[in-house]
Amino acid sequence: MKVLVVSQYFMPETFIINELVEEMEKLGHEVAVLTGKPNYPDGAIFKGYQVSGVQTEKFGKDIDIYRVPLRPRGRGGAKNLALNYLSFAFFASVLGPWILRKRKFDVIFVFAPSPITATIPAIVLKFFKRSTLALWVLDLWPESLVVTKFVKNRIILKAVEVMVRIIYRCCDLILAQSERFIAPIKSLAGGTEVLYYPNSFKRVANREMLALPDEAEKVLRENFCVVFAGNIGKAQSVETIVDAAKYLKDIKDLKLVLVGSGSMLSWVQDMKKEHRLDNLECLGRFDISYIPTIYAKSKVLMLTLNSDEILQYTLPWKTQSYMAAGKPIVGAIDGEGARIILESQCGLVGPAENGKTLAENIRQMHAMAPEKLQAMGTSGFNYFEKNFEMVAQVKRLLGIFSERTK
């Protein structure tokens, strides 16, 4: 099968689409990628890439990458992000048909975490190539614009809704990363088919365990560590973790460990000092190659999100990586994340932004027999293998494409 992937983001930017494309090629399919110049998350075009002009390169064994110009996202803000989104949509729509004029594709597959505007050039290419157009929705528009307050003007939000309605109806197939996405997508999609297709995670068997810095190694070795790994920001409701730590100060061998960085890290560090939370550790940011070691040395992995309605529709990507590690999960999360934890029987979960319940669940897991914790971790791993393992999910995706291109 010949597949064109349209994505505003691609390697060396770190997104799941990179690994999906590699797996498609390994399974014997011909894959090409239409993308922009890499600039996420720092906001400047990466070294080795030009701001202007079209660039081509190879990825994997023989994957052609076609890069069109775009305006870098800069330091963020509504204006910069809008120009970044629209510039990719414009240049990919104008230049894409010419760049790909000699190529034919069975399927055009759009990776759309945000923005949905990345679908516009794919619609243009569908007209020229007569290909099946599949859109993978990982972020709901216009709902996410409302929650993030990226757009407040009601007229603009209504215009975005109309745009999304048109985009959905131009697709042949829409894939929803969360089951809770399906209803809001269908409300705008008309007769376009909508299927559940979650994020997946690539588990590497027998991955080498790297030695950690002495401080991190000591904390993880000597304590019952409940580890939160990832972005430490507002959406992650780290206030809930700090609140839970206050309720758990009496358990001397228990540590709540934050691994990562983000806009709320300095606040967490300030709260640790102010409230003398010796049971709260901030280990800082680690290269992703160290994460399997950190997971392996933890007793429980922690998942938190704030209570915004839009986040109830989303399953945080780290959920799959937690499950793949075979560790039990404790969550303070609503919606899809809570559903997965309960359905898989991989841990305990309470409401988002409820530090007291999170603390109670952590206290309960601290008191559990190791065999009970291991059984939870095994249940999560088995659920992961069935529902989120990347190679199996890519095969399923290609099967879906094949059925719709006959």
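For the sequence shown, UniProt numbering gives the first residue as 1, with consecutive numbering after it.
Yeah, the Cβ is synthetic: ideal placement off N, Cα and C, and Gly gets one too.
Computed from a predicted model, the values in this text were never measured in an experiment.
Going by C-alpha positions, ASN231 is about 42 Å away from LYS406.
Counting only runs of at least 3 residues, the segment 9-89 fully encloses the following beta strand (DSSP E) elements, listed from N- to C-terminal order: 30-36, 55-59, 63-68. Annotated as distal: LEU188 and ARG154, with beta-carbon spacing of 7 Å or more.
Inclusion of VAL110 and ALA92 in the CB contact set at 7 Å is not warranted, their separation being larger than that value. If you draw a 10 Å sphere on the C-beta of ALA359, you find 16 or more other C-beta atoms in it, and that means buried.
In the three-state reduction of the DSSP assignment, THR240 falls in the helix class. DSSP lists LEU4, LEU133 as the bridge partner or partners of ILE108. GLU161 is bridged by DSSP to nothing; it lacks a bridge partner. Collapsing the DSSP output to three states places LEU397 in a helix. Boundaries of the beta strand (DSSP E) around ILE329: 329-332.
The beta carbon of PRO97 sits closer than 6 Å to the beta carbons of PHE128 from its chain, once the five residues preceding and following it are set aside; these are given in chain order. The three-state reading of DSSP puts ILE174 in strand, counting E and B together. Cβ atoms of PHE388 and GLN312 stay farther apart than 8 Å, at about 19 Å.
With contacts defined as CB atoms closer than 7 Å, TYR85 and THR117 qualify as a contacting pair. Within the UniProt domain "Glycosyl transferase family 1" (222-377), complete alpha helix (DSSP H) segments of at least 4 residues are found at 238-247, 265-274, 291-297, 309-312, 318-324, 335-344, 355-367, given in chain order. With respect to the 7 Å criterion, SER237 and GLU353 are classified as neighbours on the basis of their beta carbons. Beta bridge pairing from DSSP links PHE201 with GLU389. When DSSP states are grouped into helix, strand and coil, GLU193 belongs to the strand group. DSSP places GLU143 inside the alpha helix (DSSP H), whose first and last residues are 143-147. The residue from VAL5, LEU27, LEU70, LEU138 with its alpha-carbon nearest to that of PHE90 is LEU70.
Non-local C-beta neighbours of PRO113 in its own chain, meaning closer than 8 Å and more than five positions away in sequence, comprise TYR9, PHE15, LEU138, ASP139, ordered along the chain.
Between the segment 279-286 and the segment 255-270 there are three or more C-beta pairs closer than 8 Å, enough to call the two in contact.
In this structure, DSSP gives THR405 a state outside helix and strand, which the three-state scheme calls coil. In the three-state reduction of the DSSP assignment, PRO184 falls in the helix class. Apart from sequence neighbours up to five positions away, the residues of its chain that approach ASN223 with a beta-carbon distance below 8 Å are ASP253, LEU254, LYS255, ordered along the chain. Assigned with DSSP and collapsed to three states, PHE150 falls in coil, not helix or strand. For PRO115, the three-state secondary structure derived from DSSP is coil. Setting aside the 5 residues that flank it on each side, ALA44 is surrounded in the same chain by PRO72, each with a C-beta closer than 7 Å to its C-beta; the list follows chain order.
DSSP, reduced to helix, strand and coil, places ALA122 within a helical segment of the structure shown. Distance check between GLU217 and each of TYR290, ALA235, LEU397 places TYR290 closest, using alpha-carbon atoms only.
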